[in-house]
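In the numbering used here, the protein residues as written are 163 to 406.
We treat Cβ as the ideally placed atom computed from N, Cα and C, and that holds for glycine.
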Amino acid sequence: MGPRIIFEDQDVCVIDKPAGMVVNRSQTSTSDTVQQWHWARLGEPAGQGEFYDKQGVVHRLDKDTSGVMVLAKTPGAYEGLKQQFLERKTKKTYLALVHGEMGEEQGIISAPIDRHPKDRMKFTVGGNKAAITEWRVVRRYLHPRGVPQAQHHPGGGLTLLSVEPHTGRTHQIRVHMKHLGHPIVSDPIYGGRKIHREDIKWCRRLFLHAKSLEFVHPGTGEKRLFESELPDELVRVVKKLGRE
């Protein structure tokens with residue numbers, strides 16, 4: 163299944179990326195990527211510069227994360243969007259279901275993130291690359307039915323969070339939630355092998371969704387907000403947990 167187009171004009175294409183789809187093409191990607199999909203739709207234009215090198219991809223989502231992304235259709239739009247991301251002028255909001263009960267209603271974690279020294283495929287708190295994540299509790303599930311593994315977590319229960327990353331480090335939300343002691347449900351990298359094995363029995367994918375993205379349209383100068391509804395497979399999970 164490919165991306166769903168939320169909005170499109172001559173400058174940008176805003177999409178709803180499905181979970182399981184890789185954003186950037188690479189030597190290891192064996193299936194269609196968002197980058198390939200987008201560039202093919204543009205007719206694979208030829209030229210020099212970063213827009214052509216990146217093929218219109220300004221930012222990315224993890225393979226296992228679904229939700230809103232914006233793609234540039236022209237070099238000018240690419241530069242305009244890139245500057246907004248670099249200067250942290252965009253606003254991204256995610257929904258994440260995490261293990262354990264958060265002690266506060268909201269909070270901010272500021273902890274640098276870098277590659278894991280022993281596993282280059284993972285990231286961890288450390289180094290000097292600043293990373294800031296703000297979170298807010300949406301709902302608590304203290305006694306979720308049919309989810310016995312939640313009780314195996316030291317905090318017990320589950321918490322649905324609205325999360326806003328103020329920086330854009332790779333795996334930032336996943337690493338920060340793990341660092342707080344509240345790994346995201348069904349996270350195959352940071353959730354822990356035992357918990358992940360139990361999680362996927364009732365939540366078949368990482369419960370992390372890019373719900374909204376706000377930026378200034380590079381062509382019109384207008385501030386725009388685009389949203390993506392929670393995918394059906396995650397809606398079913400939430401409905402199940404809500405039956406208490």
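Pair within 8 Å by beta-carbon distance, residue i and residue j
i, j, result
"residue 294", "residue 328", "yes"
"residue 258", "residue 320", "no"
"residue 260", "residue 225", "no"
"residue 403", "residue 306", "yes"
"residue 218", "residue 240", "yes"
"residue 337", "residue 286", "yes"
"residue 270", "residue 249", "no"
Distance between residue j and residue i (C-alpha atoms, nearest Å)
i, j, result
"residue 353", "residue 345", "5 Å"
"residue 198", "residue 167", "15 Å"
"residue 360", "residue 292", "33 Å"
"residue 207", "residue 196", "16 Å"
"residue 221", "residue 247", "8 Å"
"residue 399", "residue 364", "7 Å"
"residue 164", "residue 330", "24 Å"
"residue 367", "residue 302", "20 Å"
"residue 262", "residue 273", "20 Å"
"residue 181", "residue 284", "19 Å"
Identity of the residue in the options nearest residue i by Cα
i, options, result
"residue 372", "228, 331, 289", "228"
"residue 279", "271, 273, 342, 288", "288"
"residue 282", "351, 219, 368, 377", "351"
"residue 392", "297, 230, 203", "230"
"residue 341", "171, 212, 275, 252", "275"
Residue i - DSSP class collapsed to helix/strand/coil
i, result
"residue 237", "helix"
"residue 369", "coil"
Original post:
Three or more C-beta pairs closer than 8 Å, one from the stretch 171 to 183 and one from the stretch 233 to 250: is that the case here?
Top reply: With contact defined as three or more Cβ pairs closer than 8 Å, the stretch 171 to 183 and the stretch 233 to 250 are in contact.
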